[in-house]
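Each residue of the sequence shown is one higher than the last, beginning at 108 in this note's numbering. Worksheet: the structure to be examined is printed underneath.
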Amino acid sequence: MVYLSPIRYLLFFSIIAFGVLTYLLFNFGTLSSPIYSSLIIDHIFIDPYLDFIKAIFFSILLSFFFVKHRVYLPFWAVKVVVTLFLMLFYESHYGLDSFTYFHRGVNFDIKILERYWGEESGTTYLIQFVHYLTYILGDSYYTIKVFFSFIGFLGLIFFYETYKYISYKNKTFHPNDKFIYVLFLFPSILLWSSTLGKDPLNLFFVSIFIYGFIRLDEKFSVKNISLIAISLICLFYLRIWWVAIMLLPVIMYGVLYPNKRILPIVVVLSPVVLYVVLQVFEARNIQSMSDIFSQMTYLSEVFTLRGGSNLKPVEINGMYDYLIQYVPNLFTALYRPMIWEASSIFALLSAIENTVILYFSFKYIIYIFFSKIKYLPYLVFVIIIWSIPYSILSSANLGTGARFKLQVLPLILIIISLLHYSRQKFKYKK
108 MVYLSPIRYL LFFSIIAFGV LTYLLFNFGT LSSPIYSSLI IDHIFIDPYL
158 DFIKAIFFSI LLSFFFVKHR VYLPFWAVKV VVTLFLMLFY ESHYGLDSFT
208 YFHRGVNFDI KILERYWGEE SGTTYLIQFV HYLTYILGDS YYTIKVFFSF
258 IGFLGLIFFY ETYKYISYKN KTFHPNDKFI YVLFLFPSIL LWSSTLGKDP
308 LNLFFVSIFI YGFIRLDEKF SVKNISLIAI SLICLFYLRI WWVAIMLLPV
358 IMYGVLYPNK RILPIVVVLS PVVLYVVLQV FEARNIQSMS DIFSQMTYLS
408 EVFTLRGGSN LKPVEINGMY DYLIQYVPNL FTALYRPMIW EASSIFALLS
458 AIENTVILYF SFKYIIYIFF SKIKYLPYLV FVIIIWSIPY SILSSANLGT
508 GARFKLQVLP LILIIISLLH YSRQKFKYKK
């Protein structure tokens, strides 16, 4: 194998970076025009070049946050490149909801938000949040996008700290563990946690809840309780059903693996789950079991039509239909598109990822049932509860499904890595 010195690596990537920067210099106006065109119609003029320069300086400013934790600094640098440079190509070609969030956040009118998205919808709250950010960061799309990307990055840090904690507790942490590279450089995670939207925030709130709960199981502390509380409150306003997705695995884990610390948590959180479920039912006008499946079918059709998907919407007429279609739909949600289904470079990248995840899932899935790794069942429960609605919603549109999978993708990678090093430890003992 040919060895390349660090200097040659640096030279190689410098040449690539120079090429990308040169291309952007001559094409930046065209690539960024979809962001500002709608604002120009409303007589709001923002210099895209100045906007971009502000974001670069803001990214450098945020880098000082990692001075004491230098291990994360290179990964943040990569994330900035993805956020400010690579995402430009994706945004200009496909467009994102982030343009709408920024536009409505700058040209703010609460009456328009309530008319289009409802008074208490997650989208309305998100646009209000973007509006408040403009008072701090200015009317700068790229700076605000870097802020959202930074929040997503903090979520990955919490996921990695969760992984390390579980590994050390189970004595499976490997001194040459490379999981940090997998988690922070996994393409889909890099891409979808670098947007201006709900996904980076959702990722962060999920990560602090899981981290807080696992640490709370070992030791009650104000910090861990605060993380859980912040997560639940923010998820309630962002995507209310995620409160139930977070709490139900805790109840399952507390019932199946009871201890003195978890049982009080289960008792306290059970009424919260009931309240959230009733709130979701009221918002969706659900009064019976058949209404639940009607809503699933309706949302599947919406995601199919809105995203221009080639897939047929999922049709659920009852519990039997749901159970029969659950496994195929779950496979679609987790492992599609496959390589032969890829129709673009982004879809091909996603398909390669899915193939790798599918391989390791089949390789280690049997060990989940026999593993004695503490907290592993809880992580599995989170994915199972997530799959109840998202096996339907993600199956309607593979592009949208990739975004939905972002919230549990770190958990899938954590489970695979824990089982991998656990098996290595077992073989070493033999």
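Here a beta-carbon is modelled for each residue, glycine too, at the ideal position from N, C-alpha and C.
So, using beta-carbon positions, are residue i and residue j closer together than 8 Å?
i: Asp324; j: Ile369; result: yes
i: Gly225; j: Lys305; result: no
i: Tyr344; j: Tyr232; result: yes
i: Pro496; j: Trp348; result: yes
i: Val253; j: Leu146; result: no
i: Leu303; j: Ser205; result: yes
i: Pro544; j: Leu263; result: Beyond the ends of the chain as shown, which are 108 and 537, falls residue 544; an answer cannot be given.
Among the residues of its own chain, which have a CB less than 7 Å from the CB of residue i, if the five just before and after it don't count?
i: Leu520; result: Val289, Leu290 and Phe293
i: Ile122; result: none
i: Thr190; result: Lys252, Val253, Ser256 and Ser301
i: Ile153; result: Tyr143, Leu146 and Asp246
CA-CA distance, residue i and residue j?
i: Leu128; j: Pro155; result: 15 Å
i: Ile243; j: Phe511; result: 29 Å
i: Trp183; j: Ser256; result: 9 Å
i: Ser407; j: Phe171; result: 43 Å
i: Arg211; j: Asn366; result: 48 Å
i: Phe312; j: Phe236; result: 15 Å
i: Ile490; j: Leu157; result: 42 Å
i: Ile459; j: His200; result: 21 Å
i: Leu418; j: Pro444; result: 11 Å
i: Phe192; j: Gly136; result: 13 Å
i: Tyr110; j: Phe125; result: The predicted position of Tyr110 is uncertain, since its pLDDT is 46 and thus under 50; no value can be drawn from it.
i: Arg222; j: Phe388; result: 21 Å
i: Ser502; j: Leu342; result: 23 Å
i: Pro356; j: Phe320; result: 11 Å
i: Val187; j: Ser166; result: 7 Å
i: Ala390; j: Phe438; result: 29 Å
i: Met108; j: Asp284; result: A caution first: Met108 carries a pLDDT of 39, below 50, which makes its placement in the model too unreliable to give a value.
i: Tyr528; j: Thr279; result: 6 Å
Short of 6 Å in beta carbon distance, which residues of its chain neighbour residue i, apart from the five on each side in sequence? Order them along the chain.
i: Ile455; result: Here the sequence assigns Leu to residue 455, which means Ile is not the residue at that position. Once the five neighbours on either side are set aside, the close Cβ partners of Leu455 are Ala449.
i: Leu526; result: Tyr471 and Tyr474
i: Ile273; result: Tyr482
i: Val515; result: Ile490 and Trp493
Helix, strand or coil for residue i per DSSP?
i: Leu354; result: helix
i: Ile423; result: coil
i: Val515; result: coil
i: Ser524; result: helix
i: Tyr429; result: helix
i: Phe215; result: coil
i: Asp158; result: helix
i: Thr507; result: helix
i: Glu179; result: The displayed chain sequence assigns Tyr, not Glu, to residue 179. In this structure, Tyr179 counts as helix in the three-state DSSP scheme.
i: Leu418; result: coil
i: Phe476; result: coil
i: Leu193; result: helix
i: Tyr110; result: Low confidence applies to Tyr110: its pLDDT is 46, below 50, so where it sits in the model is not reliable, and the reading given next is rough at best. In the structure shown, Tyr110 sits in coil (DSSP, three-state: anything other than H, G, I, E or B).
i: Lys152; result: Note that residue 152 corresponds to Phe in the displayed sequence, not to Lys. Coil at Phe152, not helix or strand.
i: Asn366; result: coil
i: Lys436; result: Before going further, note that residue 436 is Asn rather than Lys in the sequence given. Reduced to three states, the DSSP call for Asn436 is helix.
i: Gln402; result: helix
i: Ser395; result: coil
Starting from residue i, trace the alpha helix (DSSP H) both ways and give me its first and last residue.
i: Gln235; result: Gly229 to Leu244
i: Glu325; result: Lys305 to Glu325
i: Phe295; result: It should be pointed out that residue 295 corresponds to Ser in this sequence rather than to Phe. Looking at the DSSP string, the run of the alpha helix (DSSP H) that includes Ser295 is Pro294 to Trp299.
i: Lys271; result: Tyr248 to Lys276
i: Ala449; result: Run containing Ala449: none; DSSP gives neither H nor E here.
i: Leu483; result: Leu483 to Leu500
i: Lys285; result: From DSSP, Lys285 is part of no alpha helix (DSSP H); its letter is neither H nor E.
Between which residues of its own chain and residue i is the CB-CB distance below 8 Å, once the five residues before and five after are set aside?
i: Phe265; result: Phe311, Ser314, Ile315, Ile317 and Tyr318
i: Gly361; result: Ile369, Leu370, Ile372 and Val373
i: Tyr267; result: Phe286, Ile287, Leu290 and Phe291
i: Val487; result: Ile475 and Ile522
Cβ of residue i less than 8 Å from any chain C Cβ?
i: Tyr248; result: Considering every chain present, this structure includes no chain C. It has just one protein chain.
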